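Chemist: Dropping a structure here in structure tokens format, bear with me for questions.
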Amino acid sequence: AAAAGGALEARMDAVADKASDAVERAAENLSTQLEAARGELDARVTRININAHTLADEVAKGASEALADGVLTMDAKLADLTDCNAANENRLADLDSRQAELSGRVEQGESVASAVQETMVTLTDKLEASQDTLGDGVAKAVGRLDLLEAALEEEKARVGDTVGRIE
Numbered sequence: 005a006a007a008a009g010g011a012l013e014a015r016m017d018a019v020a021d022k023a024s025d026a027v028e029r030a031a032e033n034l035s036t037q038l039e040a041a042r043g044e045l046d047a048r049v050t051r052i053n054i055n056a057h058t059l060a061d062e063v064a065k066g067a068s069e070a071l072a073d074g075v076l077t078m079d080a081k082l083a084d085l086t087d088c089n090a091a092n093e094n095r096l097a098d099l100d101s102r103q104a105e106l107s108g109r110v111e112q113g114e115s116v117a118s119a120v121q122e123t124m125v126t127l128t129d130k131l132e133a134s135q136d137t138l139g140d141g142v143a144k145a146v147g148r149l150d151l152l153e154a155a156l157e158e159e160k161a162r163v164g165d166t167v168g169r170i171e
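Shown next, in the form of structure tokens:
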């Protein structure tokens with residue numbers, strides 16, 4: 005029973021360790037993905053800003069009618085780039101939200117790991133108590149067997165005496 009208790013405790017420790025490791029790996033993986041996405045969005049925002057400045061410079065260079073048509077086209081492109089920039093800002097906000105959600109999940113995982121650990125301690129205590137109770141029961145049963153064996157020996161002796169008298 006003690007060996008079974010030790011094995012159970014070791015197994016519960018292994019389960020808690022695996023759960024904790026899995027939560028940590030998931031958090032690290034998601035954090036890495038978020039950082040990569042953030043870097044990509046930052047690069048896009050930089051390119052958009054460069055393009056916007058380039059367009060603004062081209063608009064400022066000339067005043068001819070052809071350039072005026074180009075200005076209109078560039079204004080449209082700038083509006084598109086501005087919209088794209090706003091969309092990227094929204095994506096960054098979404099990534100921040102996801103990162104906050106992941107942090108919450110990590111906290112939940114840690115809470116679950118803590119609950120598993122507490123359950124393991126409770127089960128270990130119950131197992132030890134059961135082992136003690138089982139040990140007491142076995143000791144009582146052995147004591148009763150000893151008493152029955154002594155009574156049987158006495159009865160055998162009486163039967164032997166009776167058989168001897170009958171003969």
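Residue numbers (our numbering): 5 to 171. Where is the CB? At the ideal position from N, CA and C, for every residue including glycine. Just so we're clear, the structure is a prediction, and the values are computed from it rather than from any experiment.
1. Taking the alpha carbon of residue 12 as the point to measure from, which residue in 154, 47, 123, 141 has its own alpha carbon closest?
2. Buried or exposed for residue 80, please, with buried defined as at least 16 other CB atoms from any protein chain shown within 10 angstroms of its CB.
3. In whole angstroms, give me the CA-to-CA distance for residue 21 and residue 126.
4. Would you be able to state if there are at least three C-beta pairs under 8 Å between the stretch 101-109 and the stretch 24-37?
5. Take residue 54 as the anchor and find which of 91, 73, 86 has the nearest alpha-carbon.
6. In the structure shown, what three-state DSSP assignment does residue 111 receive?
7. Whole angstroms is fine: what's the gap from residue 151's alpha carbon to residue 169's?
8. Helix or strand or just coil, what does DSSP make of residue 171?
9. Using the Cβ count rule (16 or more neighbours within 10 Å means buried), how would you classify residue 142?
10. Between residue 56 and residue 105, what straight-line distance do the alpha-carbon atoms span, to the nearest angstrom?
11. Please report the distance separating the alpha-carbon of residue 153 from that of residue 165.
12. Quick test of your reading: residue 19 and residue 120, contact by CB under 8 Å. State the CB separation rounded to the nearest angstrom.
13. Rounded to a whole number of angstroms, what is the C-alpha to C-alpha distance between residue 67 and residue 59?
Modeler: Result, derived from the coordinates:
1. Taking the sequence shown and counting its residues from 1, the one referred to as residue 12 is at position 8. Closest by alpha carbon: 123.
2. The count along the sequence shown starts at 1 and reaches residue 80 at position 76. So residue 80 counts as exposed.
3. As a working mapping, residue 21 is identified with position 17 in the sequence shown. As a working mapping, residue 126 is identified with position 122 in the sequence shown. So the two alpha carbons sit approximately 17 Å from each other.
4. yes
5. Indexing the sequence shown from 1 puts residue 54 at position 50. Ranking the options by Cα distance to residue 54, first place goes to 86.
6. Mapped onto the sequence shown, residue 111 falls at position 107. The answer is helix: DSSP assigns residue 111 an H, G or I state.
7. Residue mapping note: residue 151 aligns to position 147 of the sequence shown, counting from 1. Residue mapping note: residue 169 aligns to position 165 of the sequence shown, counting from 1. Distance between the alpha carbons of residue 151 and residue 169: 27 Å.
8. On the sequence shown, position 167 is the one that residue 171 refers to. Looking at residue 171 - three-state DSSP - the assignment turns out to be coil, as it is neither helix nor strand.
9. Here residue 142 is taken as the residue at index 138 of the sequence shown, counted from 1. Classification for residue 142: exposed.
10. Residue mapping note: residue 56 aligns to position 52 of the sequence shown, counting from 1. Residue mapping note: residue 105 aligns to position 101 of the sequence shown, counting from 1. Residue 56 and residue 105: Cα-Cα distance of roughly 34 Å.
11. Residue numbering aside, residue 153 sits at position 149 when the sequence shown is read from its first letter. Residue numbering aside, residue 165 sits at position 161 when the sequence shown is read from its first letter. So the alpha carbons of these two residues sit roughly 18 Å apart.
12. For this step, residue 19 is matched to residue 15 along the sequence shown. For this step, residue 120 is matched to residue 116 along the sequence shown. Contact flag correct, Cβ pair sits at about 7 Å.
13. Locating residue 67 in the sequence shown gives position 63, counting from the first residue. Locating residue 59 in the sequence shown gives position 55, counting from the first residue. Interpretation of residue 67 is limited by its pLDDT of 46, a score under 50 that renders its predicted location unreliable; no figure is taken from the coordinates.
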